[in-house]
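Participant:
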Amino acid sequence: MPSQHDNHLKGLILCAIGGLAITVDIPLVKLASGDPWPVLMVRCTMTLLVGLVGWLIWRAFDRNAPALIPGKTGLIVAALYGVSSVFFITGVYNTSTANLVFILALNTTFSALLSWIFLGEKPRNGTLLAMAAMIFGVLIIVWDSFGSGNLIGDAAGFASSFLIATAITITRASGKEMGMASLVGVGLPLVVAAVMVSGSGFRIDAPWWIVLNGAVVMPIAFYCLGTGPKYLSGPEVAMFYLLETVLAPIWVWMIFAEQPSRNSLIGGAILIVALVAHSVWQLMESRKRRASVVMRYPA
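Heads up, the sequence shown is in full-length UniProt numbering, so the first residue is 1 and it goes up one at a time.
(1) Does the Cβ of Lys288 have 16 or more other Cβ atoms within 10 Å, making it buried, or fewer, making it exposed?
(2) Per DSSP, Ile204 is paired with what?
(3) Would you decide whether Met180 is buried or exposed? Buried here means 16 or more other CB atoms lie within 10 Å of its CB.
(4) Is it buried or exposed for Ala269, if we count other Cβ within 10 angstroms and need 16 for buried?
(5) Are Leu190 and Met284 closer than 8 Å when you measure CB to CB?
(6) May I ask you to report which of helix, strand or coil DSSP gives Leu275?
(7) Leaving aside the five residues before and after Thr23 along the sequence, list all residues of the same chain whose C-beta is less than 6 Å from its C-beta, in chain order.
(8) Would Ser84 pass as a contact of Ile135 if the rule is Cβ separation under 8 Å?
(9) If I measure Cβ to Cβ from Ala206 and keep anything under 7 Å in the same chain, skipping five residues before and after, which residues do I get?
(10) Please list, in chain order, all residues of the same chain as Phe88 whose beta carbon is under 6 Å from its beta carbon, the five residues on each side excluded.
(11) Can you find the residues in the same chain that come closer than 7 Å, C-beta to C-beta, to Gly175, ignoring five residues on each side of it along the sequence?
(12) When you compare only the Cα positions, how much space is there between Leu14 and Phe202?
(13) Can you tell which of Glu236, Trp143, Ala194, Ala67 has its C-alpha closest to the C-alpha of Ala105?
(14) So is Ala167 buried or exposed if we call it buried at 16+ other beta carbons inside 10 Å?
(15) Measuring CA to CA, which of Val50, Asn7, Ile26 is closest to Tyr223?
(16) Are there three or more Cβ pairs, one per stretch, closer than 8 Å when the stretch 109-126 is compared with the stretch 61-79?
(17) Could you check which residue in Val186, Glu258, Gln259, Val39 has the C-alpha nearest to that of Val211?
(18) Please classify Thr95: does DSSP put it in a helix, a strand, or coil?
(19) Taking just the CA atoms, how far does Ala16 sit from Lys10?
(20) Between the Cα of Ile266 and the Cα atoms of Ile140, Ile103, Asp6, which residue gives the shortest distance?
(21) I'd like to know whether the C-beta atoms of Pro27 and Trp251 end up nearer to each other than 8 Å.
(22) Can you tell me where the alpha helix (DSSP H) holding Met180 begins and where it ends?
(23) Of all the options Met131, Ser96, Pro123, Val92, which has the alpha carbon lying nearest to the alpha carbon of Thr109?
(24) Leaving out five residues before and five after His226 in sequence, what residues of the same chain have Cβ atoms less than 6 Å from its Cβ?
(25) So for Asn150, helix, strand or coil by DSSP?
(26) Comparing C-alpha positions only, which one of Val53, Leu52, Trp55, Val29 sits nearest to Arg43?
(27) Please name the residue in Leu271, Arg172, Glu258, Trp281 whose C-alpha comes closest to that of Ser233.
(28) Taking Cβ positions, are Thr95 and Gly153 nearer each other than 8 Å?
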């Protein structure tokens, strides 16, 4: 049976891979240069197809492969990831990349709060302080959006972040592997997008980018980040979504020369400093606890 340390390491590796993969999601959506609903439809279609084919192959060689949807809990998690995708695409088309990814960084705060309320995992004072700083940073970012037309996109970012945090918390509470459920969850936005496209028409100028996104990037990101909560706490998993917060604006700036506003940069800097400081503090506290255990129970 794998040790707790091995499981934790496995969770860290999975989430690191998923977090890095998701950093190119927004750039690929923008490179496709299409209308929101067709882009969402193609993205979800490819993710669902690759996910199902991959699962069938896995199942053929290993009868112990995880269930596609682990019961009612799996259905709820799949639905949460699915609806979050709709809000995410809405955010991509209705606010700046920097605003969106900085707001998505609230995933960590939401995860910590939900874990505290529903799982009894009370955050320590350092975590509460970091959460307060993050909320302040996001308020600075959103301040620019009042009267600028970005408020809908920012609100969509909030909704997507909260839904992902809820899915992470439920997965953590269940102890089940939900990687496939997060992939199957794209079926819901796929149906919604197909209905909308039937009425509004189909336009994607460079479809190969969104095919690449849906067929490669999203299956890797969804599976790895969806499985992570089985091995890590909710706030730990949410931290890996923050790779997108740091890297996505850089990719978009390099490709599209899309420069963030002053408020977005100030708020984003507060977020990143708070997160880095909190991560360093957690690492130091973890080392202190391990040292204390070694001194108390020497080999």
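Using N, Cα and C, we set each Cβ at its ideal position, and we do this for glycine too. From a predicted model like this one, the values you see are computed outputs, not experimental measurements.
Facilitator: Reading off the structure:
(1) Exposed.
(2) Answer by DSSP bridge pairing, in chain order: Gly34.
(3) Result: buried.
(4) With fewer than 16 other Cβ atoms within 10 Å, it is exposed.
(5) At least 8 Å separates the beta-carbon of Leu190 from that of Met284.
(6) The answer is helix: DSSP assigns Leu275 an H, G or I state.
(7) The beta carbon of Thr23 is closer than 6 Å to those of Leu243, Glu244, Leu247, Ala248 in its chain, skipping five residues each way along the sequence.
(8) In this structure, Ile135 does not lie closer than 8 Å to Ser84 by Cβ.
(9) Result list for Ala206: Leu31, Ala32, Ser33, in chain order.
(10) Result list for Phe88: Ser160, in chain order.
(11) A distance below 7 Å between beta-carbons, with the five flanking residues on each side excluded, links Gly175 to the following residues of its chain, in chain order: Lys230.
(12) Here the alpha carbons of Phe202 and Leu14 stand approximately 35 Å from one another.
(13) It is Glu236.
(14) The residue is buried, with at least 16 neighbouring Cβ atoms inside 10 Å.
(15) Comparing Cα-Cα distances from Tyr223 to each of Val50, Asn7, Ile26, the minimum goes to Val50.
(16) Contact check between the stretch 109-126 and the stretch 61-79: fewer than three CB pairs, one atom from each, fall below 8 Å, which does not count as touching.
(17) Comparing alpha-carbon positions, the option among Val186, Glu258, Gln259, Val39 lying closest to Val211 turns out to be Val39.
(18) Three-state result, Thr95: coil.
(19) Rounded to the nearest whole angstrom, the CA to CA distance from Lys10 to Ala16 is 10 Å.
(20) It is Ile140.
(21) One thing to note: Pro27 has its Cβ within 8 Å of the Cβ of Trp251.
(22) Looking at the DSSP string, the run of the alpha helix (DSSP H) that includes Met180 is 179-184.
(23) Shortest Cα-Cα distance from Thr109 to any of Met131, Ser96, Pro123, Val92 involves Met131.
(24) Residue 226 is actually Gly in this sequence, not His. Cβ neighbours of Gly226 beyond the five flanking positions: Met178, Gly179, Ser182.
(25) Coil, per DSSP.
(26) Ranking Val53, Leu52, Trp55, Val29 by CA distance to the CA of Arg43 puts Val29 first.
(27) Comparing Cα-Cα distances from Ser233 to each of Leu271, Arg172, Glu258, Trp281, the minimum goes to Arg172.
(28) Inclusion of Thr95 and Gly153 in the CB contact set at 8 Å is warranted, their separation being smaller than that value.
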